[in-house]
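The listed protein sequences derive, respectively, from chains A and B. Numbering-wise, the first sequence is residues 981 to 1171 according to the working numbering. Numbering-wise, the second sequence is residues 981 to 1171 according to the working numbering. Virtual Cβ for every residue (Gly too), placed ideally from N, Cα, C. Note that the structure is a prediction, hence the values are computed from the model and not measured.
Protein chains: 2
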Amino acid sequence: MAKSDKRDEIVRAALELIAEHGFHGAPMAMIADRAGVGAGTIYRYFENKDVLINELYREIEERIYPVILDGYAPEKPIRERFLHLGTALLRYFIENPLEFRYVEQFHNSPYGVVFRRDKLLGKREGCDVYRELFEEGVSRQVMKDLPLVVLFALSFGPLLTVARDHILGFVALDPPLIARTIEACWDGIRR
Amino acid sequence: MAKSDKRDEIVRAALELIAEHGFHGAPMAMIADRAGVGAGTIYRYFENKDVLINELYREIEERIYPVILDGYAPEKPIRERFLHLGTALLRYFIENPLEFRYVEQFHNSPYGVVFRRDKLLGKREGCDVYRELFEEGVSRQVMKDLPLVVLFALSFGPLLTVARDHILGFVALDPPLIARTIEACWDGIRR
DNA sequence: AAATATGGAGTGAACATTCATTCCGTTTTG
DNA sequence: CAAAACGGAATGAATGTTCACTCCATATTT
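Structure follows, in structure tokens:
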């Protein structure tokens, strides 16, 4: 196995196990095992478990970005752009349940709080497309005049909840239902 | 200290520590310590940590219920009832950040998934007021004709997100902003 | 004084991490 | 060109720590 393969295997194994069993249900030994690698080998690639966890999150985020932006047209009306971004994100999560579960675990942990704080304080790149869209929506009076954080909550709150419910099998989201859900989100934030 | 006092102290200490540091950041010894009680004493009241965690959740839920239902009038229009329930819940969480953080931790853990499944399958008492309201809303064509789970997501998703953001200090929710947020949720689900 | 409750040291299991050793592809030497 | 030497990647047993839970000597209640 080539060097980079090992790293990839470790990351993949960590994603699978943590997504399924949470951070504390995925001991390093188990990750090593599933990656087909010695326990010590992980530490050749990642300083410690924390670093592995954060690195994995970063990688997932980077995978999501291009998918969401694919077909995004900044010249279209705000409503259409919102529907595009919402649908793309929800679809991505539904099609990649492991990554979704991982991201969720991450956000609902001490890692996530630090991350969130950094992001809101502008220390991070990232959800700039969303932020820009919301800022434009508010200033053009297409969206309600609410704090950005609230607009985020009204959009991502339902989206993440519904993705989880789908993945856990509590509802079966098909394309038309996805579309209607995102439109309902839009009704929540539009003027 | 009287017998029941000890139990209360244990529950209180567990709530504080778990809400702040998560399940794994709150060892039994630490809980005992903060409760001013010996480590072994906890096991006189709770069979093990799992039981303590579940019991605590149940107690929190029971505390929330009457508060939310206070002033709830089933004869009022659906919109008003929704605003009442939403506002009451959001207010409760904002005023009781420890309980909110605890509930969140709980829902985003293996405990929560089991719980959620039972609830949605109707094996639990609980969110019946919400369920009834949504069912009535749909059948009277006041709300969008979406699956219950999606309507739940559109309501509770933003609500919980915004409560977390407030508690973490990312936004300052005052009564008018709370009202506008819940109204925005309503816009999302109403026809 | 018997019965019951409590405290906290003790126990063993689980875990993240380390490090002496092995392994293997490459380079140097004869 | 074969053989020997080298270096760094990989390994997994060993280590030290943390934790949930137990147990029994002591304290409290009846």
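Indicate whether residue i and residue j have their beta-carbon atoms separated by less than 8 Å.
i       : j       : result
B:V1118 : B:E1039 : no
B:V1122 : B:R1061 : no
B:P1085 : B:F1003 : In the sequence on display, residue 1085 of chain B carries Gln and not Pro. In this structure, B:F1003 lies closer than 8 Å to B:Q1085 by Cβ.
B:Y1082 : B:I998  : yes
B:G1168 : A:D1167 : yes
A:P1138 : B:A1159 : no
A:L1036 : A:A1009 : no
A:R1120 : A:I1033 : no
A:N1076 : B:N1088 : no
B:V1109 : B:L1049 : yes
B:T1141 : A:F1095 : no
A:Y1072 : A:V1047 : yes
B:L1078 : B:E1027 : no
In three-state terms, what does DSSP make of residue i?
i       : result
A:R1170 : strand
What are the start and end residues of the alpha helix (DSSP H) that includes residue i?
i       : result
B:H1146 : 1128-1147
B:Y1082 : 1077-1087
B:E1027 : No alpha helix (DSSP H) contains B:E1027, which DSSP labels as neither H nor E.
A:D1013 : 1008-1015
A:G1117 : 1108-1119
Between the stretch 1156-1165 of chain B and the stretch 1061-1069 of chain B, do at least 3 Cβ pairs fall closer than 8 Å? The stretch 1061-1069 of chain B and the stretch 1156-1165 of chain B touch, with three or more beta-carbon pairs separated by less than 8 Å.
Going along the chain, which residues of the stretch 1080-1093 of chain A sit with their C-beta nearer than 8 Å to a C-beta in chain B? The stretch 1080-1093 of chain A vs chain B, Cβ under 8 Å: E1084, Q1085, N1088, S1089, P1090, V1093.
Inspect the CB distances between the stretch 985-1004 of chain B and the stretch 1137-1155 of chain B and report whether three or more fall short of 8 Å. Under the 8 Å Cβ criterion, the stretch 985-1004 of chain B does not count as touching the stretch 1137-1155 of chain B, having fewer than three qualifying pairs.
What are the residues of the stretch 1001-1013 of chain A that lie near chain B, defined by any Cβ-Cβ distance shorter than 9 Å? Within the stretch 1001-1013 of chain A, the qualifying residues are H1001, G1002, F1003, H1004, G1005.
Under 8 Å: do the stretch 1125-1145 of chain A and the stretch 1048-1058 of chain A share three or more Cβ pairs, one atom per stretch? Put simply, the stretch 1125-1145 of chain A does not touch the stretch 1048-1058 of chain A. Fewer than three CB pairs are less than 8 Å apart.
Quick one, which residues of the stretch 1038-1060 of chain B are near chain A if we go by CB-CB under 8 Å, in chain order? Listed by position, the residues of the stretch 1038-1060 of chain B near chain A (Cβ gap below 8 Å) amount to none.
Residues from the stretch 1114-1132 of chain A in contact with chain B, defined by Cβ distance under 7 Å: Within the stretch 1114-1132 of chain A, the qualifying residues are K1124, L1126, P1127, V1129, V1130.
The stretch 1144-1159 of chain B: positions lying closer than 7 Å to chain A by Cβ: Close to chain A, meaning a Cβ-Cβ distance shorter than 7 Å, are the following residues of the stretch 1144-1159 of chain B: D1145, L1148, F1150, V1151.
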